Amino acid sequence: MKPSIFIIIMLTVISGTMIVMTASHWLMVWIGFEMNLLAIIPILMKKYNPRATEAATKYFLTQATASMLLMMGIIINLLHSEQWTVSKDLNPMASIVMTTALAMKLGLAPFHFWVPEVTQGISMSSGLVLLTWQKIAPLSILYQISPTINPNLLLTMATMSVMIGGWGGLNQTQLRKIMAYSSIAHMGWMAAIMMYSPTMMILNLTIYIIMTLTTFMLFMYNSTTTTSSLSQTWNKTPLITSFILVLMMSLGGLPPLSGFIPKWMIIQELTKNEMIMMPTLLAMTALLNLYFYMRLTYTTALTMFPSNNCMKMKWRFERTKKTILLPPLIVMSTMLLPLTPMLSILD
Numbered sequence: 145m146k147p148s149i150f151i152i153i154m155l156t157v158i159s160g161t162m163i164v165m166t167a168s169h170w171l172m173v174w175i176g177f178e179m180n181l182l183a184i185i186p187i188l189m190k191k192y193n194p195r196a197t198e199a200a201t202k203y204f205l206t207q208a209t210a211s212m213l214l215m216m217g218i219i220i221n222l223l224h225s226e227q228w229t230v231s232k233d234l235n236p237m238a239s240i241v242m243t244t245a246l247a248m249k250l251g252l253a254p255f256h257f258w259v260p261e262v263t264q265g266i267s268m269s270s271g272l273v274l275l276t277w278q279k280i281a282p283l284s285i286l287y288q289i290s291p292t293i294n295p296n297l298l299l300t301m302a303t304m305s306v307m308i309g310g311w312g313g314l315n316q317t318q319l320r321k322i323m324a325y326s327s328i329a330h331m332g333w334m335a336a337i338m339m340y341s342p343t344m345m346i347l348n349l350t351i352y353i354i355m356t357l358t359t360f361m362l363f364m365y366n367s368t369t370t371t372s373s374l375s376q377t378w379n380k381t382p383l384i385t386s387f388i389l390v391l392m393m394s395l396g397g398l399p400p401l402s403g404f405i406p407k408w409m410i411i412q413e414l415t416k417n418e419m420i421m422m423p424t425l426l427a428m429t430a431l432l433n434l435y436f437y438m439r440l441t442y443t444t445a446l447t448m449f450p451s452n453n454c455m456k457m458k459w460r461f462e463r464t465k466k467t468i469l470l471p472p473l474i475v476m477s478t479m480l481l482p483l484t485p486m487l488s489i490l491d
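Residues 145 to 491 (my numbering) are what the sequence shown spells out, left to right.
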């Protein structure tokens with residue numbers, strides 16, 4: 145793809161999301177989603193091969209169905225209230241239809257089936273855009289309609305997402321599929337807190353995007369796509385390997401690291417709202433996620449790839465890939481915990 149065309153397409157994707165986030169009219173929200181969808185397809189098919197075509201087709205069909213449901217919800221709301229304003233309270237039926245449509249766009253269970261398949265079929269850089277930027281627009285609308293969302297529907301989808309995100313990733317060897325299941329689980333955590341503290345959801349989304357961005361950039365730097373190829377990184381780039389180790393722990397939500405902040409604050413907020421079973425279930429299923437992150441950690445940092453010669457370090461050329469953003473991203477992905485008191489004031 146020519147750089148000029150790529151820039152135009154990326155600007156369309158960005159402007160589509162911005163329209164969704166800033167619009168006060170339901171029709172403009174829908175148009176923003178459509179702009180974003182039509183512009184993201186060429187980015188998914190950047191490396192043109194049959195698998196990328198299949199992935200892009202699956203993504204298009206799912207998102208088009210979700211857009212249709214969203215428009216149906218908007219029309220139901222229009223018939224009942226005779227207005228297009230986003231800030232007005234929704235009709236209960238329209239709220240259920242819209243929540244379902246946005247859950248499909250996000251990949252919340254039981255509409256999660258497309259996420260691993262699409263992520264696996266596309267390149268690492270496209271997968272990065274899919275699992276980070278593409279979550280912003282639907283979540284911004286969920287944030288705006290959060291007072292009128294059906295709590296039972298959203299909490300059921302949140303619980304299912306966290307459980308499927310944990311179980312689905314257990315048996316995977318492909319890094320993109322593991323990151324896709326990780327994304328489903330994180331979306332579940334965000335959906336769980338949406339009803340009680342929408343601001344907390346934004347905090348969770350921000351930290352999730354930072355951690356996912358760093359993880360993908362480290363995988364792209366090492367040119368690894370499977371767990372077996374990760375085991376060769378120790379004798380190529382020992383420092384990067386140790387960063388992957390710490391980052392996996394952060395994604396799992398272990399205490400001294402940044403990933404612990406959203407989990408801690410969400411469990412605290414749910415407990416304040418006299419919900420005991422939900423945070424208990426979330427914390428237990430988070431262990432499943434931690435298990436497959438631990439598997440990646442073990443493969444990466446605790447196994448040495450068998451070599452015939454006596455040299456432990458692999459002979460290599462100088463790296464040509466730029467790592468300008470990696471140091472600040474790694475710091476933010478692992479060392480934000482001391483900022484928790486400041487972040488708790490935002491809520």
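Note that beta-carbon positions come from the ideal geometry of N, C-alpha and C, so glycine has one too. Note that the structure is predicted; figures quoted are calculated from it, not measured.
Annotation for Phe-387: Leu-362 and Ile-474 place their beta carbon closer than 7 Å to its own, counting only its chain and skipping 5 residues before and after. Looking at the backbone, the Cα of Thr-166 and that of Ser-231 are separated by about 11 Å. Beta bridge pairing from DSSP links His-169 with Thr-229. The region 294 to 342 is shown to contain whole alpha helix (DSSP H) runs of 4 or more residues at 295 to 312 and 319 to 338, in chain order. Assignment of beta-bridge partners to Thr-206 by DSSP yields no partner.
A distance below 8 Å separates the beta carbons of Thr-444 and Thr-385. By the Cβ-count criterion, Lys-191 is exposed, with fewer than 16 other Cβ atoms from all chains shown falling within 10 Å of its own Cβ. DSSP, read as helix, strand or coil, puts Thr-370 in strand. The DSSP-derived three-state label of Lys-466 is coil.
The alpha-carbon separation between Lys-466 and Ile-411 amounts to approximately 38 Å.
Taking a cut-off of 8 Å for Cβ pairs, the region 353 to 372 and the region 295 to 315 do not touch, as fewer than three such pairs fall below it.
Contact annotation: Leu-171 and Trp-228 have beta-carbon atoms nearer than 8 Å. The criterion of a C-beta distance shorter than 8 Å is not satisfied by Ser-477 and Ser-375.
One Cα belongs to Ser-327, the other to Met-422, and the distance between them is close to 19 Å.
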